[in-house]
Each structure stands twice: as structure tokens, then as C-alpha cells.
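In this note's numbering, the protein residues as written are 89 to 156. A short worksheet on the structure shown next.
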């Protein structure tokens, strides 16, 4: 999880709760440690970060939201 590429990676999601949960799932499954997880509305382009767009996926989001 401490790859040098991860040290500059920023996840960008749509701003929804499900999008945030999808981002967490993606980081967990890919064993990545992004320095930031930001809503699109909060992100400002920066030359020093590698941007990764996360597409909201209800099934992945539910991984962290199960109550059973």
C-alpha cells in the first residue's frame, strides 16, 4: 500500500455518499492509499497529483453499507 505512485494519487468522485463509499471500496480492493478522496466540486487540478476518477457503483458502495 505504500507504493510511490499512491503517494500522489487523488480519487475524484461525484460528491454522493455512494460515490464516496465506492472510492473507499476501490482503494481497499486495489490496495491503494490515495492521499485524498475528493468530490469533483472540491478538486482543483494540480500538477503534482495523479487524478483517478471513480465512477459510482451501487454494488461496490453497498460493500461498506451492509447492515446484515
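Where a beta carbon is used, it is the ideal one built from N, C-alpha and C, also for glycine.
Figure out for me which residue from the options has the closest Cα to the Cα of residue i.
i           : options            : result
residue 140 : 146, 153, 125, 130 : 125
residue 123 : 99, 149, 148, 153  : 99
Identify the residues that DSSP records as bridge partners of residue i: which are they?
i           : result
residue 139 : 98
residue 127 : 101
How is the alpha helix (DSSP H) around residue i delimited, first residue to last?
i           : result
residue 115 : 105–118
residue 150 : 146–153
Going along the chain, which residues of its own chain have a beta-carbon closer than 7 angstroms to the beta-carbon of residue i, five neighbours each way excluded?
i           : result
residue 129 : 103
residue 147 : none
residue 105 : none
Residues in the same chain with beta-carbon distance under 6 angstroms from residue i, minus the five sequence neighbours each way, listed in chain order, please.
i           : result
residue 138 : 96, 97
Between which residues of its own chain and residue i is the CB-CB distance below 8 angstroms, once the five residues before and five after are set aside?
i           : result
residue 144 : 101, 102, 104, 106, 107, 110
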